[in-house]
Amino acid sequence: MESLHCELFLAAASKRFPFSSKALSTLRLLGKPPSSSDPSYPSSQIESALEAISSFACNLTGDYHAEDSPYQTAINIKKGWSSSIYPWVKFFLEGLVLSEDPRTVMGLDLRDIFLHVLPLMLMYPETLDDITAESRRLRGVSPSFSFLMTRAWLYVVDTVHFPWCPWSALLTMILFPDDKDLEEFIGAMDKLNSSGTKNVASICIRLLNHHARHAHKMDNLELRGVHGCLLLLCGCFHTASPLYYPLVINGAVTALVNLLTAFIARQKTLARFDVNSPEFTTAISIIDLIIFHIETCLSGQLWVAEALDAGIITSFFKAERLFDFDESGRSQREHGQRSCWKFGRLIQRIGLYFVYPGVLHRFLHSVKRVEQSGLEENLDPRPKCFLQMWAVYKRRADEVHGLCITLQEARRITCKYDECDSKLQILEDNDSEQEKLRYLRCSACKNAVYCSAGCARKHWKARHHKECHLLAQAFKEGRPFPTTLDLHFIQCLLECFIANHQHKIRQDIEAFVHSSQSSCKDSSLVCDCDSGFDPHKRPIALVDFDDVDNPDPMSEHRLSIVDLETAVAHDRVDQDQIQPLLNGIHNAKEDQLVVILFVPGSAGRPEHSWSIVDILNLPRAYETDEECSESSDDDEES
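In full-length UniProt numbering, the protein residues as written are 1 to 638.
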């Protein structure tokens with residue numbers, strides 16, 4: 001809220017400069033700002049310049065009995081911006097806002113006044129015919145203006161200064177109104193973050209947490225400010241943005257889930273507003289933006305697990321006000337734009353990562369909490385599209401978890417050390433020592449898992465001391481490699497998948513062999529193999545676990561049999577895997593299958609999908625009922 005001193009200052013400025021032309025003339029008479037001054041003890045020249053700038057804001061808003069029209073004020077600002085106004089704006093930004101805080105009350109008051117009036121004055125393009133054209137002209141004729149305004153916005157939102165709402169509206173509506181302009185804002189944010197001038201990621205996280213704490217008591221102006229902040233961050237949360245990883249590493253997913261919870265699960269937040277009020281409309285837009293940011297962030301196993309830990313599933317079942325709004329018919333949004341459909345889409349995104357034990361177990365824990373607390377049973381209204389998606393992925397999670405239990409009962413040992421004596425050994429049920437087996441994890445990289453301290457020491461000497469630092473660094477940068485347990489579980493899922501679809505695989509291979517005669521060879525693909533061996537005639541199985549639209553991890557639609565050219569040309573096959581693929585084709589026996597598996601998540605790189613080249617034993621063909629009958633008849637005749 002404005003201070004009394006600020007109100008008195010604005011009233012005096014409006015009285016001294018009732019017309020914008022007089023304020024512009026005064027700035028021209030004052031000339032250039034001083035090269036150096038102490039903001040704690042401002043001179044009369046500085047105070048006069050601030051009064052003139054403040055009068056522009058008063059004339060545009062019509063406050064404090066301003067006599068000039070907003071349109072005429074905007075024309076005068078446009079006319080005198082480059083020569084008289086911007087030099088003073090730049091002076092105040094650099095001297096009052098972006099330097100050390102003033103040491104006196106007078107200096108602090110002047111800073112507060114400037115931060116209050118600047119966004120009001122810079123909204124002048126709204127009164128002109130072409131807002132976007134004037135906005136771009138304003139940035140074009142003002143050297144370093146975008147960079148200074150971005151720094152100032154970060155200062156305002158970091159300190160939660162009272163004009164943070166108008167500042168967010170200014171940057172969203174005037175300075176960076178569309179995606180092309182927003183790239184300039186992202187560039188300035190990245191420059192500040194990479195130079196160490198500002199910890200942009202931490203500031204954004206604190207801002208989101210502040211909004212989450214105060215969402216239940218925000219008025220329409222503050223809600224519009226939150227909406228503006230989330231619009232500005234759209235480019236930051238994009239996976240191609242240089243700020244994406246700094247944000248998610250610093251806890252952006254948890255902050256976004258907490259903000260979503262504050263708006264959809266805390267009854268006080270939406271219950272205050274009528275569904276036809278502008279406040280409710282703004283809140284719905286905020287929720288849509290939060291969901292958009294969360295879905296963008298759910299592009300790796302770490303962030304999906306973090307969202308589940310933050311309670312995103314239970315929040316969905318507390319969004320009864322939103323479900324009531326969607327189901328009542330008062331919502332004019334299409335089906336795909338409704339909150340219940342978007343929540344189902346987030347569950348679908350989470351289900352993609354069931355191939356990771358950590359995500360699977362967290363999801364099942366969330367299911368247990370929802371069922372035990374009665375949230376699912378007592379949900380009213382009951383949105384059909386959301387509950388259908390929820391039921392599908394609960395069933396899929398149970399199926400994958402059943403495979404987990406089967407593997408545990410088989411007592412297959414997981415160990416990072418390749419030469420482990422007990423690796424993949426089937427343990428006897430009566431072996432009491434093995435029943436108490438406790439795995440050890442490398443405390444540095446959080447990746448390698450061993451069945452014993454002896455294996456850990458041997459693997460450290462043999463190899464792990466070279467790769468541990470790289471694995472730890474990738475984890476800290478938000479691009480973790482799959483852990484030993486992850487790889488073991490994914491490998492077992494792949495084996496189950498191949499076993500389940502052995503008949504289809506054999507049929508597809510037969511069809512491939514018949515059509516391979518006309519396949520062309522790519523001379524650029526070479527392999528150190530015997531003359532006469534043609535890698536192009538070897539069928540390759542592509543198994544896609546990275547298909548978000550297919551809820552069944554064991555669906556046969558995830559499988560395709562292709563030739564070498566098709567496999568190598570696939571956009572998700574890395575170049576460094578081509579040679580291992582060729583070697584695998586050469587080394588595979590006749591009854592073995594060369595498989596390329598696509599897995600969601602990162603593997604040490606920014607890409608959100610990685611692939612495995614493997615050679616698996618093709619399951620023994622089973623007999624059909626007709627074959628069994630023919631075999632039985634032959635036995636009787638003989």
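Backbone N, C-alpha and C fix where the C-beta goes; we use that ideal spot for every residue, glycine too.
Asked                                                                                                  : Found
Cβ contact check for the region 129-141 and the region 174-187: 3 or more pairs under 8 Å              : yes
Residue 260 beta carbon less than 8 Å from that of residue 201                                         : no
Whole-angstrom distance between residue 102 and residue 7, CA atom to CA atom                          : 20 Å
Reduced DSSP secondary structure (H/G/I, E/B, other) of residue 243                                    : coil
Span of the alpha helix (DSSP H), counted from its first residue to its last, around residue 507       : 502-515
C-beta contact flag for residue 649 and residue 268 at 8 Å                                             : Here the chain comprises residues numbered 1 to 638, so residue 649 is not present and cannot be evaluated.
Residue nearest to residue 186 in terms of C-alpha spacing, selected from 505, 452 and 147             : 147
Within 8 Å, strictly: CB atoms of residue 42 and residue 107                                           : yes
Cβ pair residue 355, residue 553 closer than 8 Å                                                       : yes
Residue range of the alpha helix (DSSP H) that includes residue 167                                    : 164-170
Buried/exposed call for residue 337, threshold 16 Cβ in 10 Å                                           : exposed
Of the listed residues 77, 64 and 35, nearest to residue 94 (C-alpha basis)                            : 35
Cβ-based burial, residue 639 [other Cβ within 10 Å; buried from 16]                                    : With the chain covering 1 to 638 only, the question about residue 639 has no answer from this structure.
Residue 564 to residue 535 span [Cα, whole Å]                                                          : 7 Å
In DSSP terms, what residue 543 is bridged to                                                          : 559 and 597
Cβ-Cβ separation, residue 319 to residue 264 (assumed contact under 8 Å), whole Å                      : 4 Å
Given 8 Å, three or more beta-carbon pairs between the region 366-377 and the region 566-585           : no
Reduced DSSP category for residue 115 - H, G, I as helix; E, B as strand; rest coil                    : helix
Neighbour-count burial assignment, residue 575, 16 or more Cβ in a 10 Å radius                         : exposed
In DSSP terms, what residue 617 is bridged to                                                          : 592
Buried or exposed (CB count within 10 angstroms, at least 16 for buried), residue 526                  : Bear in mind that a pLDDT of 48 at residue 526, under 50, signals an unreliable position, so the model cannot answer this.
Backbone CA spacing between residue 254 and residue 362 [nearest angstrom]                             : 15 Å
DSSP state of residue 36 mapped onto helix, strand, coil                                               : coil
Own chain residues within Cβ distance below 7 Å of residue 52, not counting five before or after       : 17, 23, 26 and 27
6 Å CB neighbourhood of residue 298 in its chain, flanking five on each side removed                   : 304 and 349
Nearest-angstrom Cα separation, counted from residue 573 out to residue 511                            : 24 Å
Coarse secondary structure for residue 19, derived from DSSP in three states                           : coil
Between the CA atoms of residue 343 and residue 302 - distance to the nearest angstrom                 : 20 Å
Proximal residues to residue 483 (C-beta, below 6 Å), its chain only, five neighbours per side dropped : 447
Three-state secondary structure assigned by DSSP to residue 160                                        : coil
Nearest to residue 306 (by Cα), restricted to the options 339, 128, 366 and 326                        : 366
Bridge partners - residue 612, DSSP secondary structure assignment                                     : 597
Terminal residues of the alpha helix (DSSP H) in which residue 372 lies                                : 357-372
From 586, 549, 493 and 166, residue whose alpha carbon lies closest to that of residue 597             : 493
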